[in-house]
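Enquirer: Take a look at the following structure, please.
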Amino acid sequence: MATKTIIVPEGMEFIRDEIGYAPAVLVNDTLYIAGQIGRNDQRELVADKETQFVQVFENMKRILDAAGARFEDLVEVTSYHTDMRDLPLYMDVRNRYMKGCYPAWTAIGAASLCGAPGYFLEVKAVAVIDRGEG
0 MATKTIIVPE GMEFIRDEIG YAPAVLVNDT LYIAGQIGRN DQRELVADKE TQFVQVFENM
60 KRILDAAGAR FEDLVEVTSY HTDMRDLPLY MDVRNRYMKG CYPAWTAIGA ASLCGAPGYF
120 LEVKAVAVID RGEG
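Following numbering that gives the first Met the number 0, the numbering of the sequence shown begins with 0 at its first residue and continues without gaps.
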């Protein structure tokens, strides 16, 4: 029987409580990370593009940490971009976090994200956590 655990890092409770979804769900050893955006702990959109991309990965890191996982556990990443010309910047920021980690990756162009202007990137991911059991 599958064990399902909702992952809500400290500071992200409003996502569950007010918006109505989990930042991530752990099913057995598979972690499903919902789309992360460049919003800080004050729920403010980070305006600078590179800083917004960094915030996305910092949010992912918080979720991975809360689940006992690491970027190296990622097996699939899907990124949504409002401007596909940002891919080199995205890859630069991504590589700061995913050193030597090569999950499957799909990049998708989107007309808008989060129903509001100013969001440049959203990233969702799947990780398989090696618990070292067996």
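In this text, a Cβ means the ideal position worked out from N, Cα and C, and glycines have one as well. Quick caveat: nothing in here was measured; it's all calculated off a predicted structure.
From this set, I107, A21, A110, which residue's C-alpha is nearest I62's C-alpha?
Expert: As a working note, residue 62 is residue 63 in the sequence shown. Closest option to I62, Cα to Cα, is A21.
Enquirer: If you count every other CB in all the chains shown that lies within 10 Å of the CB of M11, and 16 or more means buried, which is it?
Expert: To locate residue 11, count along the sequence shown from 1; it is residue 12. The residue in question, M11, is buried, as its Cβ has 16 or more Cβ neighbours within 10 Å.
Enquirer: Taking 9 Å as the CB-CB cut-off, is V76 touching chain B?
Expert: Note that chain B does not occur in the displayed structure, where there is just one protein chain.
Enquirer: Are the beta-carbon atoms of L73 and A124 separated by less than 9 Å?
Expert: By 1-based counting over the sequence shown, the position of residue 73 is 74. By 1-based counting over the sequence shown, the position of residue 124 is 125. Contact flag set, yes.
Enquirer: Between which two residues does the alpha helix (DSSP H) containing E57 stretch?
Expert: Translated into the one-based positions of the sequence shown, residue 57 becomes position 58. Unbroken alpha helix (DSSP H) run through E57: 48-65.
Enquirer: Using the rule of at least 16 other Cβ atoms within 10 Å of the residue's Cβ for burial, across every protein chain shown, is D16 buried or exposed?
Expert: Reading the sequence shown from its first residue, position 17 is the one you call residue 16. Its Cβ having fewer than 16 others within 10 Å, D16 is exposed.
Enquirer: Please work out which residues of its chain come closer than 6 Å, Cβ to Cβ, to F119, disregarding the five sequence neighbours upstream and downstream, and give them in chain order.
Expert: Along the sequence shown, read from residue 1 onward, the residue named residue 119 stands at position 120. Contacts found: K48, Q51, T81.
Enquirer: Output needed for Y31: all residues of its chain with C-beta closer than 7 Å, excluding positions within five of it in sequence on either side, in chain order.
Expert: Here residue 31 refers to the residue found at position 32 when the sequence shown is read from its first residue. A23, V24, V125, listed in sequence order.
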